[in-house]
Structure formats: C-alpha cells, structure tokens
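Notes follow once the structure below has been shown.
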Amino acid sequence: MSVRTSGTAATADSSPSDGPARGPSPTAAAAPDILGTGLGLEPDDLPDGLVVADETGRVICFNAAAARITDITPEHALGRPLEHALPLQDIEGRRWWRLTDPYGGLAIRRGQPERNLLLGGREVLVSARYVRTRPTGPVRRLVIALRGTEARRRTELSHAELIATVAHELRSPLTSVKGFTATLLQKWERFTDDQKRLMLETVDADANRVTRLIAELLDISRIDSGRLEVRRQRVDMSAAVRRHVQAQTTAGQRPDRFLIRMLEPLPDLWADPDKVDQVLGNLLENAVRHGEGTVTIEVGPVSDATSTEGTSVTVSDEGPGIPEESMSRVFTRFWRGSKRGGTGLGLYIVKGIVEAHGGTITVGRAPAGGAQFRFSLPVAAPAFMA
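Here it is as structure tokens:
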C-alpha cells in the first residue's frame with residue numbers, strides 16, 4: 017500500500033505496525049487522493065486538523081493543523097495504525113478507537129459527533145466520518161476532524177467572568193435590601209418618619225440597581241443570540257438628548273456642564289425609542305462619570321456622502337480620554353475605562369443596540385482631548401412597514 021504525501025509516495029506496509037512510516041515528507045496527503053474536490057485544495061489549506069485512515073486503519077493523511085493541535089509530527093503518524101498514531105482517550109481513560117470500533121460494529125453508523133477527548137494530557141475536540149462505498153458496506157476511509165479547545169475555553173472563561181461579575185454586583189444591593197427591610201420589620205416603632213423614608217429610598221434605589229442589571233443580562237443574551245428586537249417608532253432625537261441632559265441636572269450635575277449643538281434640519285428617524293434612550297443614557301453617564309469638564313452633545317444629519325441617510329450623535333468630554341492601546345477593546349465585555357465602578361457591560365450593549373438598528377458606533381479622541389463617541393442610525397422605516 018502506498019501513502020501519497022505531497023508528491024512523495026511512501027510504502028506503509030514496510031513500516032512496523034507501531035513505528036513511524038519511512039520516507040514520507042512532513043506534510044499531508046495530496047489533494048487529488050484525499051480531498052477530491054477538484055478545487056486545487058490541499059489538506060494543509062484546511063483551518064482544522066485533518067486525519068484520514070484507509071480501509072486497514074492506517075493513517076494516510078495528517079495535515080499541518082493536525083500536527084499543530086496534537087503536537088505529533090506527520091512523520092510519526094503517517095503509515096501507522098490509527099490507534100497508535102492518534103491514541104485518544106475519553107475522560108474516563110478508555111481508549112477511544114477500541115471503544116467506538118469504527119471498522120466493526122453496526123454497519124449503519126455514519127460517524128461520531130464532536131466531543132472532547134484527551135490526547136497525551138491535552139484536550140482535543142474530535143469528530144469522525146465513516147466513508148463507505150455503499151450504505152452498509154465496510155469503511156473505506158475514516159475521516160477525523162480535530163480542533164483545539166482554546167476558543168471554547170475563552171468562551172467558558174467569558175461566561176464564568178460574567179457570572180462572577182453579576183454575583184458581585186447583585187450581592188451589595190440585595191444585602192442592603194435584605195438588611196433594611198429586616199430592620200424595619202423588626203423595629204418599625206423605633207424609627208422616625210424621616211429615618212423610615214431614608215431606608216425605604218435606599219431600598220428603592222438598590223431595587224432599581226438590581227432591575228437594571230437584570231435588564232443588562234437580558235440584553236446581552238439577546239445580542240449574543242441575534243434576537244434583539246427593534247420596534248421602530250418615530251424618534252425625536254433632539255428632544256431625547258435634552259431629556260437626558262435634564263435628567264443629569266436633576267440628579268445633581270451643573271447645567272453649565274452640558275453643551276448641546278443641533279445641526280438642523282434632521283431627517284425623520286424611525287428607531288426603538290427605549291433602546292435609543294438606553295444608548296444616550298449610557299454614553300452621557302460615561303462622559304459624566306469618567307470624563308471631566310464640559311460634556312458636548314452634537315446632533316445632526318449623517319454627513320458622510322457614502323452613507324445612507326440618517327442621524328448622528330456625538331458625545332465628547334474634556335477628560336483624560338481613552339488610551340490609544342485601549343481603543344479596540346472599548347466595546348468588548350467587561351472593559352472599564354477607570355476604577356469608578358460599573359459592570360463593564362454598558363458599551364458592549366450600546367454597540368449591540370446600534371448595530372441591531374443597522375447603524376455604526378465609533379470611539380476616538382475629542383478636540384479637547386477627552387473621549388468622543390459617535391453613533392449613527394439610518395432613517396429606516398416604521399415597524400408596521402418592515
């Protein structure tokens with residue numbers, strides 16, 4: 017039996033059953049023999065690991081990605097029995113190829129779904145396909161796809177970090193709510209009306225904080241799954257901006273800290289009013305909390321001639337700004353511009369909302385040196401016309 021490896025033929029039968037094949041080059045099998053796509057692709061062009069065994073169970077293809085993922089050289093794998101070339105085990109330590117028996121057992125099997133297996137102490141994602149010349153015939157080729165677990169680990173780490181962040185953010189307000197309500201229930205008569213009011217206002221504020229956090233988690237879930245719904249209505253962006261500035265001044269900010277610039281006329285804008293409020297509220301709160309000096313909000317039509325018609329909003333401050341090396345991470349989960357609290361989820365949600373509307377959002381440096389966020393929303397159409 018010959019093993020085809022990038023133009024070099026090696027005789028696998030002359031190799032010991034548990035030793036490396038003699039003669040093959042350190043590359044995968046040639047495309048015409050293994051892939052057969054007619055597209056000029058070779059196994060080394062594939063992003064995932066590819067291992068192919070013939071009808072006798074000997075490895076005839078072991079591409080570069082498989083070598084990188086398994087840390088096994090093609091010279092060591094080609095021509096050897098699959099069980100020795102790729103000694104996979106399940107999490108209970110059982111030998112995978114003996115357990116699944118690809119060349120025996122039920123002849124109606126078509127392959128193995130992807131699962132996490134162990135290879136010399138490292139984790140590898142493995143899936144297999146049984147190639148038969150007829151539906152219940154013998155296996156002529158065993159095609160194995162290998163993938164590293166780094167991407168999955170990053171996802172799991174992100175989920176674990178999200179859970180830890182949520183648990184931390186929930187603990188403080190819930191402890192406050194529990195403490196004040198328990199105290200009021202047990203010692204109601206001992207407190208004055210003013211003391212009771214202060215406690216109840218604190219409970220109300222902490223309950224609102226929990227509600228906002230739960231809303232953020234729901235938004236993240238919808239954004240990640242692509243299920244964020246946009247209910248378009250007529251939005252007056254000028255009025256929305258003034259309303260949010262008024263809310264900031266009512267909360268204690270100086271009115272002269274805000275500068276609103278309106279470049280009219282503005283095109284009619286159809287967007288989700290609640291989600292536009294969420295974007296504006298987040299950007300203004302960030303500018304107030306993390307920035308300094310005057311916060312400038314500029315609203316105008318989209319000025320880029322290559323863009324579709326729409327409305328743009330720019331929020332800038334006069335603080336230290338965002339370091340250049342952090343610009344690319346601003347809209348990722350858990351990014352915090354400073355140590356002044358927050359979950360680090362707000363800008364991630366803002367970006368998801370803007371993109372769900374078909375718009376864009378960017379970050380840069382303001383003329384006065386602070387941070388500058390600019391988002392644009394297309395005019396679009398009302399929900400009943402979509």
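If you're matching positions, the sequence shown starts at 17 in this note's numbering and goes up one per residue. We put the beta carbon where it would ideally sit given N, CA and C, even for glycine. Every value quoted in this text rests on a predicted model; they were computed, and no experiment measured them.
Since residue i and residue j are thought to touch, with beta carbons under 8 Å apart, how far apart are those beta carbons, to the nearest angstrom?
i    : j    : result
L291 : V246 : Per the sequence shown, residue 291 should be read as Lys rather than Leu. That pair is a contact at about 7 Å.
F350 : E177 : 6 Å
G335 : G309 : 7 Å
D220 : R248 : Actually they do not touch by this definition, with Cβ atoms about 32 Å apart.
L279 : S254 : Not quite, the Cβ-Cβ distance comes to about 10 Å (not below 8 Å), so this is no contact.
L201 : M215 : That belief does not hold up - the Cβ atoms of L201 and M215 are roughly 11 Å apart, past 8 Å.
E71  : R156 : 5 Å
P103 : N79  : Incorrect: roughly 18 Å between the Cβ atoms, too far for contact.
G360 : A396 : Wrong, their Cβ atoms sit about 30 Å apart, outside the cutoff.
Is residue i buried or exposed, if buried means 16 or more other CB atoms sit within 10 Å of its CB?
i    : result
T330 : buried
Q388 : buried
S241 : exposed
G386 : buried
L285 : buried
W204 : exposed
G121 : exposed
L393 : buried
E405 : Only positions 17 to 402 of the chain appear in the structure, and residue 405 is not among them; the question remains open.
L57  : exposed
T327 : buried
Q264 : buried
I365 : buried
A83  : buried
I107 : exposed
P398 : exposed
R96  : buried
G307 : buried
L234 : exposed
For residue i, I'd like the list of residues in its chain whose CB is within less than 7 Å of its CB, leaving aside the five on either flank, ordered along the chain.
i    : result
R345 : W351
I276 : V257, R258, V261 and I313
V304 : Q264, Q269 and V311
If I measure Cβ to Cβ from residue i and keep anything under 8 Å in the same chain, skipping five residues before and after, which residues do I get?
i    : result
T152 : A123 and I124
A382 : T312, S332, D333, E334, G337 and Q388
R111 : E99, P103, L104 and Q105
Per DSSP, residue i is paired with what?
i    : result
N79  : Answer is none; N79 lacks a bridge partner.
P394 : G326
V366 : According to DSSP, V366 bridges with nothing at all.
P271 : Bridge partners of P271: none, in fact.
R140 : Note that residue 140 corresponds to Val in the displayed sequence, not to Arg. Beta-bridge pairing links V140 to L133.
T378 : R390
V331 : I313 and F389
P97  : R74
Going along the chain, which residues of its own chain have a beta-carbon closer than 6 Å to the beta-carbon of residue i, five neighbours each way excluded?
i    : result
P189 : D222, R225 and V226
K3   : Outside the displayed range of the chain (17 to 402) lies residue 3, so it cannot be described from this structure.
N298 : G362 and V366
Sufficient close CB pairs (3 or more, under 8 Å) joining the region 143–150 to the region 126–133:
Counting C-beta pairs closer than 8 Å gives three or more between the region 143–150 and the region 126–133, which meets the contact rule.
The region 304–315 in contact with the region 257–273 per 3-pair CB rule at 8 Å
Put simply, the region 304–315 touches the region 257–273. At least three CB pairs are less than 8 Å apart.
Does the pairing of the region 182–189 with the region 220–239 give three or more beta-carbon distances under 8 Å?
Flag = yes, the region 182–189 and the region 220–239 touch.
For the 8 Å Cβ check, are there 3 or more pairs between the region 155–166 and the region 55–68?
Judged by Cβ distances under 8 Å, the region 155–166 makes contact with the region 55–68, as three or more pairs qualify.
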